[in-house]
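**Student:**
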Ligand SMILES: Nc1ncnc2c1ncn2[C@@H]1O[C@H](COP(=O)(O)OP(=O)(O)OP(=O)(O)O)[C@@H](O)[C@H]1O
Ligand SMILES: [Mg+2]
């Protein structure tokens, strides 16, 4: 995939004429294949030469488990305290153990929680957000999703503060020590963010068992990196003047950090918090496989039992929860202090908090007398599950032939041949080709890194699965780009289109990856086609967004200069706007590839045959070695694509004098 | 500027700030001297080169130069916001570069104030809290903080805006907050780095007058950076002109206009309204015996202040010193020549 992009671009950008670049690449490809023919073992990696990383990792994990039981236990107990509190108050009722027996404090009344949701929405975003937030919670209650949704929410409420604080501290450490940041923190974050979500679950499962604590820790690991990045970036972006002011005011280092830098960086930090919340939700859903429970678990169960309606309902509840959390936390991020309240007495300054507690207390006390306040009464709830099922049945009955025909044609004539082609590629040839690309784009170091990472996939005996992943991810990214870039171009040329597209992709981006699978699986059943459709839907957003943004930010003078030079509209687009916007579009493509990769892995649940499936199988057997090695292979694919494209964008920018 | 030499408050000697890898080593090897060419060959950037200045107590010392000439870097070295690569900085007679971190914090808390080009207000604090911030980090008790902050807020004319946030204020008002904040600790030396260049011309002029008014009351020692020569002339007791990291001339505005050290300085001063810069003294000639005088001007009075009168009277004016003694006379013709730009350099008496 990468190669296809390179060929195309080099012919446009490079100083060499197109045919010479094409000839060069053809030559290199030929040489790589000839070498693979000649060298023994260069086509299929010899089984006896497989390096047993998986066994080593398993052994290490077992050793850690055995040696650090006290630590894992301690950590689990520690995390369990707030977790049980949150689960107790939101979902299950909190038990206090006495000398004999226990008493159960009732959970918060759903009426109260809905009211609080509306109130919080109102405080951060006025009436509109209040309605969105309050009604969403009400809908969750009325559609019988309350208990699961509160369980999910409880996990998020505990997880987010932990992630935020850890991320903030790590980010501060990185900001204060640029070297540590460069050598340790950033590479670690890169790795953490490209390792597929499933792979996180396995070591947690091994160390902490099938429990909410495992889910919480896996979620924490997954959701913290954006906070670290936001912190480093936010602190670096504080204007130099303000940093100098802190010194001139005679701040100590601590005062400078906590009283000047961190508050000044607050807007960036809050965007980090928003990202943490969204990733946490995404991961809490996926962690239902290792005991998180909640909405994710409902979806999982329903999918396994092929209960279309239930899966859809729980999935929609996730989407609703996601949208509310996203909008409210974004509004909170943009919120600035309105008026000075420091003059006022304590009660007035904390009026909101007091109101929230009062509402919760009153409604919850009321639930002791009025059962309708405690549990959503059955009379007022309803379910849409039968409707969904009927709809799907109707589609299947009426359009089964069409859908099947499309699916099978696509599979037989496009996907399977492609898969066969990719899986048949010689590993040494691919290593050489990618190394060559790395060398041309970024120099010898990039070539070395790319070659090593690619070789890892072969030497661990996962070559065929790696190529299967590459094929799925590549096809998905290509389709996503083919759909997304034209839409982005369209949106960039018409404000009206942009206005329609923006809220649509905003929402699409909010939806946790898991939820994309549900509707597709109903229509196309399991397999590669389903995986592709879900992945494309998930990964199309950045292609649209970056293209639109890139073209829109082409400097106005350039367009005027082009018009003055007598360009037609079409020439203007192809010769001015598109080339100038190219780096930005490529960054979007990069994001699309990374998102495709992360989604393709989740699609292992619906029966793909690739690295993701390896991780998934390892998860069910709690085989941490195999799981991590396959996970690393996936991460390496992401890192290779990212590094090559980034290097190429840098080169583009340098050539255009934009760097 | 008065003729009595006031004590030196802040000074630097052979001060260098060189950016680039191995710059300290390079300066040490060359014993604190290097040509621009030598620096260039070592791939180093000499942002400030062999700067030596004395800032006297109570004077407004202006550093003037084009963008990139090293003014900010010089100021940052003087306040030790960045470490100079070579040389000395003396503040109140002690070596500032030898001060420990704790001592530096103490000095900054009590003796230095700084105003920034882009205001550098803390976005999450109100005006009152911003101004009180330097006191707060010192641990001054809250009521006292408030009282002192309120006093400087009143001084800069922002009464009634105490509880606004910076974003609710105009640029001029924001810089008033910046000024108030830097004054809250009653500093002995006051650094201003292009404090008005982010403001509109009208507001800028207003703020310049405001600064002169404040200085009339407070009599601080001021180091003021600008790239605007008109601003420099309006405010300065003395001006240092920088070019490519070097100070090429230091002097009162009048001296720079009368005796530019280089063509570069002459170029700067060429378009200056001379009537605003030159004093009666510099146009004065020996008084003819028994000559008639239509009026009397002080030797230090700027030509601008009496030009209309003298041309209207069409008779020479007597020039007197501070005690009223006759020093010489100014003729209407000399003033007209000056206004018409036909001024020929005259020997000082
Ligand atoms: N951290 C740095 N590293 C390298 N070079 C620097 C650094 N800081 C400043 N310089 C260089 O030092 C020179 C002087 O910069 P300085 O900011 O002091 O100029 P200035 O006179 O204040 O200009 P301006 O009017 O634009 O503020 C410039 O050439 C600048 O590029
Ligand atoms: Mg400057």
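Chains as they are written, first to last, in the working numbering: chain A, 1 to 659; chain B, 660 to 1008. Even for Gly, the Cβ is constructed at its ideal location relative to N, Cα and C. This one's a predicted model, so the numbers in the text were calculated from it and none came from an experiment.
With distances taken from each beta carbon to the nearest heavy atom of ligand 2, which residues come in below 7 Å, in chain order?
**Tutor:** Every residue passing the under-7 Å Cβ criterion appears here: B:730, B:731, B:776, B:852, B:853 and B:884.
**Student:** Does the CB of residue 856 of chain B have a neighbour CB from chain A at under 8 Å?
**Tutor:** Here the question's residue 856 of chain B lines up with position 197 in the second chain. Output row for residue 856 of chain B: interface = no.
**Student:** In chain B, what lies closer than 7 Å to residue 255 of chain A by C-beta?
**Tutor:** As a first step, residue 255 of chain A is located in the first chain; it is residue number 255 there, counting from the start. Within chain B, the residues near residue 255 of chain A are 796.
**Student:** Kindly identify the DSSP beta-bridge partner or partners of residue 211 of chain A.
**Tutor:** Here residue 211 of chain A refers to the residue found at position 211 of the first chain. DSSP lists no partner for residue 211 of chain A.
**Student:** Against residue 247 of chain A, what residues of chain B qualify as contacts under a CB-to-CB distance less than 8 Å, listed in chain order?
**Tutor:** Reading the first chain from its first residue, position 247 is the one you call residue 247 of chain A. What residue 247 of chain A touches in chain B: 740 and 767.
**Student:** Report the start-end ranges of each beta strand (DSSP E) in the segment 102-137 of chain A that is 3 residues or longer and not cut off at the edges.
**Tutor:** If we require 3 residues or more, the beta strand (DSSP E) runs fully inside the segment 102-137 of chain A come out as 102-105.
**Student:** Provide the residue span of the beta strand (DSSP E) that contains residue 89 of chain A, from first to last.
**Tutor:** Position 89 of the first chain, counted from the start, is the residue given in the question as residue 89 of chain A. Unbroken run through residue 89 of chain A: none, as it is neither H nor E.
**Student:** Would you check whether ligand 1 has a heavy atom nearer than 7 Å to the C-beta of residue 704 of chain B?
**Tutor:** Here residue 704 of chain B is taken as the residue at index 45 of the second chain, counted from 1. At least one heavy atom of ligand 1 is nearer than 7 Å to the Cβ of residue 704 of chain B, so yes.
**Student:** Enumerate in chain order the residues of its own chain whose CB-to-CB distance from residue 683 of chain B is below 6 Å, with the five nearest sequence positions on each side excluded.
**Tutor:** Residue mapping note: residue 683 of chain B aligns to position 24 of the second chain, counting from 1. Closer than 6 Å at Cβ, skipping near neighbours: 744.
**Student:** Name the chain A residues whose beta carbon is nearer than 8 Å to that of residue 993 of chain B?
**Tutor:** Numbered from its first residue, the second chain carries residue 993 of chain B at position 334. Near residue 993 of chain B there are no residues of chain A at all, since even the closest Cβ is about 47 Å away, more than 8 Å.
**Student:** Is the beta carbon of residue 699 of chain B within less than 7 Å of some heavy atom of ligand 1?
**Tutor:** Counting from one through the second chain, the residue named residue 699 of chain B turns up at place 40. Because no heavy atom of ligand 1 lies under 7 Å away, the Cβ of residue 699 of chain B does not count as near it: no.
**Student:** At the level of alpha carbons, what is the spacing between residue 966 of chain B and residue 934 of chain B?
**Tutor:** Here the question's residue 966 of chain B lines up with position 307 in the second chain. Here the question's residue 934 of chain B lines up with position 275 in the second chain. Roughly 8 Å separates the two Cα atoms.
**Student:** Counting only Cβ pairs nearer than 8 Å, list the residues of chain A close to residue 779 of chain B.
**Tutor:** Working through the second chain from its first residue, we reach residue 779 of chain B at position 120. Within 8 Å Cβ-Cβ: 239, 241, 242, 244 and 245.
**Student:** Could you pull the DSSP bridge partners for residue 988 of chain B from this structure?
**Tutor:** As a first step, residue 988 of chain B must be located in the second chain, where it is residue number 329. Note: residue 988 of chain B sits in a beta bridge opposite B:944 and B:977.
**Student:** Sorted by chain position, which residues of the same chain lie with C-beta nearer than 7 Å to residue 147 of chain A's C-beta, five sequence neighbours on each side aside?
**Tutor:** Against the first chain, residue 147 of chain A aligns to sequence position 147. Excluding residues within five positions, the ones whose Cβ falls inside 7 Å are 91.
**Student:** For residue 678 of chain B, is the beta carbon positioned less than 7 Å from some heavy atom of ligand 1?
**Tutor:** Here residue 678 of chain B corresponds to residue number 19 of the second chain, with the count starting at 1. Residue 678 of chain B Cβ: within cutoff of ligand 1.
**Student:** Is residue 795 of chain B a contact residue of ligand 1, with contact defined as CB to any heavy atom under 7 Å?
**Tutor:** By one-based count along the second chain, residue 795 of chain B stands at place 136. Checking every heavy atom of ligand 1 against the Cβ of residue 795 of chain B, none is found closer than 7 Å.
**Student:** Answer yes or no: the CB of residue 726 of chain B versus the heavy atoms of ligand 1, is any distance below 7 Å?
**Tutor:** The residue given as residue 726 of chain B occupies position 67 in the second chain. Because some heavy atom of ligand 1 lies under 7 Å away, the Cβ of residue 726 of chain B counts as near it: yes.
**Student:** Would you give the residue range spanned by the beta strand (DSSP E) that residue 676 of chain B belongs to?
**Tutor:** Walking along the second chain from the start, residue 676 of chain B turns up at place 17. Per DSSP, residue 676 of chain B belongs to the beta strand (DSSP E) from 667-678.
**Student:** Residue 685 of chain B to residue 512 of chain A, Cα distance in whole Å?
**Tutor:** Taking the second chain and counting its residues from 1, one reaches residue 685 of chain B at position 26. Taking the first chain and counting its residues from 1, one reaches residue 512 of chain A at position 512. Spanning the two alpha carbons is a distance of roughly 57 Å.
**Student:** Secondary structure at residue 420 of chain A, three-state DSSP: helix, strand or coil?
**Tutor:** Translated into positions along the first chain, residue 420 of chain A becomes position 420. Residue 420 of chain A: helix per DSSP, three-state reduction.
**Student:** Compare the C-beta of residue 704 of chain B with all C-beta atoms of chain A and state if any pair is closer than 8 Å.
**Tutor:** Residue numbering aside, residue 704 of chain B sits at position 45 when the second chain is read from its first letter. Judged by the 8 Å Cβ criterion, residue 704 of chain B is not in contact with chain A.
**Student:** Check each candidate in B:998, B:816, B:734 and B:698 and name the one with the smallest Cα separation from residue 848 of chain B.
**Tutor:** Counted from its first residue, the second chain places residue 848 of chain B at position 189. Measuring from the Cα of residue 848 of chain B, the nearest candidate turns out to be B:734.
**Student:** Using beta carbons (cut-off 8 Å, strictly below), is residue 419 of chain A in contact with chain B?
**Tutor:** Taking the first residue of the first chain as position 1, residue 419 of chain A is located at position 419. Residue 419 of chain A does not count as touching chain B.
**Student:** Just the chain B side, please: which residues come within less than 8 Å of residue 260 of chain A by C-beta, in chain order?
**Tutor:** Within the first chain, numbered from 1, the residue matching residue 260 of chain A stands at position 260. Within chain B, the residues near residue 260 of chain A are 781.
**Student:** Since residue 631 of chain A meets chain B, which of its residues come closer than 9 Å, beta carbon to beta carbon?
**Tutor:** Counting from 1 along the first chain, the entry for residue 631 of chain A is found at position 631. Neighbours of residue 631 of chain A on chain B: none; closest Cβ ~40 Å, over 9 Å.
**Student:** Rounded to a whole number of angstroms, what is the C-alpha to C-alpha distance between residue 573 of chain A and residue 586 of chain A?
**Tutor:** Taking the first residue of the first chain as 1, we reach residue 573 of chain A at position 573. Taking the first residue of the first chain as 1, we reach residue 586 of chain A at position 586. So the two alpha carbons sit approximately 17 Å from each other.
**Student:** Using only alpha-carbon positions, find the residue among A:101, A:598, A:309 and A:250 that is nearest to residue 143 of chain A.
**Tutor:** The residue you call residue 143 of chain A lines up with position 143 of the first chain. The option with the nearest alpha carbon to residue 143 of chain A is A:309.
**Student:** So residue 83 of chain A and residue 212 of chain A are supposed to be a Cβ contact under 8 Å. How far apart are they, rounded?
**Tutor:** Locating residue 83 of chain A in the first chain gives position 83, where the first residue counts as 1. Locating residue 212 of chain A in the first chain gives position 212, where the first residue counts as 1. Going by Cβ atoms, the distance from residue 83 of chain A to residue 212 of chain A rounds to 6 Å, so yes, they are a contact pair.
**Student:** Taking a Cβ distance cut-off of 9 Å, strictly less, list which residues of the segment 832-858 of chain B are near chain A, in chain order.
**Tutor:** Flagged, chain order: 837, 840, 841, 844, 850 and 852.
**Student:** Using beta-carbon positions only, say whether residue 596 of chain A and residue 477 of chain A come within less than 8 Å of one another.
**Tutor:** As a first step, residue 596 of chain A is located in the first chain; it is residue number 596 there, counting from the start. As a first step, residue 477 of chain A is located in the first chain; it is residue number 477 there, counting from the start. It is a contact, given that the beta carbons lie within the stated cut-off.
**Student:** Sort A:233, A:197 and A:250 by Cα distance to residue 284 of chain A and report the nearest one.
**Tutor:** As a working mapping, residue 284 of chain A is identified with position 284 in the first chain. Ranking A:233, A:197 and A:250 by Cα distance to residue 284 of chain A puts A:197 first.
**Student:** Using the beta-carbon count (16 or more within 10 Å), is residue 474 of chain A buried or exposed?
**Tutor:** For the purposes of this step, residue 474 of chain A is taken as residue 474 along the first chain, with counting starting at 1. By the 10 Å Cβ count, residue 474 of chain A comes out buried.
**Student:** Helix, strand or coil, according to DSSP, for residue 849 of chain B in the structure here?
**Tutor:** Along the second chain, read from residue 1 onward, the residue named residue 849 of chain B stands at position 190. Residue 849 of chain B falls in the strand class under three-state DSSP.
**Student:** Can you find a CB in chain B that lies within less than 8 Å of the CB of residue 266 of chain A?
**Tutor:** Numbered from its first residue, the first chain carries residue 266 of chain A at position 266. Chain B, which has a Cβ nearer than 8 Å to the Cβ of residue 266 of chain A, makes this yes.
**Student:** Under 8 Å, do residue 622 of chain A and residue 195 of chain A count as touching if we go by C-beta distance?
**Tutor:** As a position in the first chain, residue 622 of chain A is number 622, starting the count at 1. As a position in the first chain, residue 195 of chain A is number 195, starting the count at 1. The answer is no: Cβ separation not under 8 Å.
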